[in-house]
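Reading through the C-alpha cells given below for one structure.
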Amino acid sequence: MNVPDGHTREVQDGAQARSLAEIVADVSAHSARIVREEIALAKAEVATKLSSLWRGALIAAAAGVFLLAAVVTALHAISLLIADLLGAASWVGYAVVTLLLVASAVVAGWVAWRLLRRGAPPTPELAIEEARRTRAEITGDGAGSISHRPSTATAESQEAH
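Next comes the structure, spelled out in C-alpha cells:
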C-alpha cells in the first residue's frame, strides 16, 4: 500500500483511529512494564530465599553455641564423675544439663537444616518461569494472544516472606 509523503498510515480500531506510531509506543510501554514486573518478581523471590538462608544460618550458629556449651558441660560432668569416684556426688546435675543442651542443639540443628534446604540455591524460579511464558506468548509459541495478566507470583513471594 502506498502512503503519500507527510501522511501516517492509520489503523482502524472500532470507532477510534490510531496511528502506527501510537501502537508502537503502546507496545513499547507494555514491554517495558513487563520487564519491570519480571525484575520485581526476581528481586522478591531472591530476597525471600536469602532471608530463609540468613535465618537458617543464624539458627545453625545457635546450634553450634548449644553444642559448645554441651561439650563444656560434659567435660565438667566427667570431671565431677571422677570426683564422685573419689567421694563427691554432684556430677549428676551436670550430666542432666548436658543432655538438655544436646537436645536443644539437635532441635535447633534440625530447624536450621530445614530453613537452609528450603532457601538454597537462591534462584528466582518463579520469575524465570514467568519470563519463559511471556517470551512464548510474544514469539507466538504460546496458545493465546498477548494480553496483560496480573502477576500473582509477586504477591505469593511476598506472602512467603
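Counted the way the UniProt record's numbering counts, the sequence shown spans residues 1 to 161. Every residue gets a Cβ at the ideal spot worked out from N, C-alpha and C, and that includes glycine. Just so you know, these numbers come straight off a predicted model, no measurement behind them.
Exercise for the section: Counting only the same chain and skipping the five closest in sequence on each side, list residues whose C-beta sits under 7 Å from that of S90. Expected result: Taking the first residue of the sequence shown as 1, we reach residue 90 at position 90. Counting only Cβ-Cβ distances below 7 Å, and skipping sequence neighbours, we find L80.
Practice task
Go ahead and label S52 buried or exposed: buried means 16 or more other beta carbons lie within 10 angstroms of its beta carbon, across all protein chains shown.
Solution key: Sequence index remark: in the sequence shown, residue 52 carries index 52 (1-based). Around the C-beta of S52, 16 or more other C-beta atoms lie within 10 Å, and the residue is accordingly described as buried.
Practice task
Grab me the residues of A62's own chain with a C-beta within less than 6 Å of its C-beta, minus the 5 sequence neighbours each way, in chain order.
Solution key: Counting from one through the sequence shown, the residue named residue 62 turns up at place 62. Result list for A62: A108, in chain order.
Exercise for the section: Report yes if the CB atom of L101 is closer than 9 Å to the CB atom of L75, and no otherwise. Expected result: Taking the sequence shown and counting its residues from 1, one reaches residue 101 at position 101. Taking the sequence shown and counting its residues from 1, one reaches residue 75 at position 75. Pairing L101 with L75 gives a Cβ-Cβ distance that is not under 9 Å.
Problem - Contact under 9 Å by Cβ, L126 with L41 - result: Along the sequence shown, one-based indexing puts residue 126 at 126. Along the sequence shown, one-based indexing puts residue 41 at 41. Yes.
Exercise for the section: Rounded to whole angstroms, what's the CA-CA distance from H161 to L58? Just pull it up for me. Expected result: Here residue 161 is taken as the residue at index 161 of the sequence shown, counted from 1. Here residue 58 is taken as the residue at index 58 of the sequence shown, counted from 1. Interpretation of H161 is limited by its pLDDT of 49, a score under 50 that renders its predicted location unreliable; no figure is taken from the coordinates.
Practice task
Can you grab the Cα-Cα spacing for the pair R132 / K43, in whole Å?
Solution key: What you label residue 132 is simply residue 132 of the sequence shown in a count that begins at 1. What you label residue 43 is simply residue 43 of the sequence shown in a count that begins at 1. So the two alpha carbons sit approximately 17 Å from each other.
Practice task
Give every residue of the same chain whose Cβ lies closer than 8 Å to the Cβ of T154, excluding the five residues on either side of it in the sequence, and list them in chain order.
Solution key: Taking the sequence shown and counting its residues from 1, one reaches residue 154 at position 154. With a pLDDT of 48 at T154, under the threshold of 50, the predicted position of this residue should be treated as unreliable, and no value is reported.
Problem - Which listed residue (L20, D26, H30, G64) has its alpha carbon closest to that of A112 - result: As a position in the sequence shown, residue 112 is number 112, starting the count at 1. Of the candidates L20, D26, H30, G64, G64 places its Cα closest to the Cα of A112.
Practice task
Give the straight-line distance between the Cα atoms of V24 and R114, rounded to the nearest whole angstrom.
Solution key: Counting from one through the sequence shown, the residue named residue 24 turns up at place 24. Counting from one through the sequence shown, the residue named residue 114 turns up at place 114. Straight-line Cα distance between these residues: approximately 49 Å.
Handout entry: Beta-carbon spacing of I34, T139 below 9 Å
Key = In the sequence shown, counting from the first residue as 1, residue 34 sits at position 34. In the sequence shown, counting from the first residue as 1, residue 139 sits at position 139. One thing to note: I34 has its Cβ no nearer than 9 Å to the Cβ of T139.
Exercise for the section: Measure the CB-CB distance between G119 and T48 and report whether it falls below 9 Å. Expected result: On the sequence shown, position 119 is the one that residue 119 refers to. On the sequence shown, position 48 is the one that residue 48 refers to. In this structure, the beta-carbon distance from G119 to T48 falls below 9 Å.
Practice task
Determine the direct distance from the alpha carbon of D84 to that of V106, and round the result to whole angstroms.
Solution key: Residue mapping note: residue 106 aligns to position 106 of the sequence shown, counting from 1. Residue mapping note: residue 84 aligns to position 84 of the sequence shown, counting from 1. Cα atoms of V106 and D84: separation of roughly 29 Å, rounded to the nearest angstrom.
Handout entry: Beta-carbon contacts of S104 that lie in its chain and below 7 Å, excluding the five residues immediately before and after
Key = Stepping through the sequence shown from its first residue, residue 104 is reached at position 104. Close CB contacts of S104 within its chain, under the 7 Å cut and outside five residues either way in sequence, are with F66 (chain order).
Problem - Residues near V46 by beta carbon distance below 6 Å, same chain, minus five either side - result: Position 46 of the sequence shown, counted from the start, is the residue given in the question as residue 46. Excluding residues within five positions, the ones whose Cβ falls inside 6 Å are P122, P124.
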